[in-house]
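Undergrad: Reading the sequence shown from the start, the letters are residues 1 to 75 in UniProt numbering. We put the beta carbon where it would ideally sit given N, CA and C, even for glycine.
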Amino acid sequence: ATEKLAFALLSAGLMLALLPIKYIVLLVFLEIFTMYSPPRKANTERWERRFREWWFSIPAAPVKLEREKEDKKKK
Numbered sequence: 001a002t003e004k005l006a007f008a009l010l011s012a013g014l015m016l017a018l019l020p021i022k023y024i025v026l027l028v029f030l031e032i033f034t035m036y037s038p039p040r041k042a043n044t045e046r047w048e049r050r051f052r053e054w055w056f057s058i059p060a061a062p063v064k065l066e067r068e069k070e071d072k073k074k075k
């Protein structure tokens with residue numbers, strides 16, 4: 001998982017360094033507005049389903065609450 005993250009960060013850095021910002025904006029614009037077009041709808045729904053299944057497969061971390069000890073003076 002760490003190697004995949006490092007590769008993703010390296011790829012994003014190279015893309016930002018080598019591509020002009022106008023092309024990056026154009027690609028993001030096309031991605032957003034064609035995501036639910038008929039040719040891409042099935043693929044988008046499949047990726048959303050996979051992401052949702054992965055997200056809910058992560059177990060919740062147990063939380064232990066501790067009360068703060070207060071030194072109360074008796075009157």
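1) What are the start and end residues of the alpha helix (DSSP H) that includes Leu5?
2) So, with DSSP's three-state summary, where would you put Ile58?
3) Alpha carbon to alpha carbon, how far is Glu70 from Leu5? Give it in angstroms, no decimals.
4) Tell me the rounded alpha-carbon separation between Ala17 and Asn43.
TA: Looking at the coordinates:
1) Run containing Leu5: Thr2 to Leu18, per the alpha helix (DSSP H) assignment.
2) Here Ile58 sits in coil by DSSP.
3) Note on geometry: alpha-carbon atoms of Leu5 and Glu70 lie some 45 Å from one another.
4) About 29 Å.
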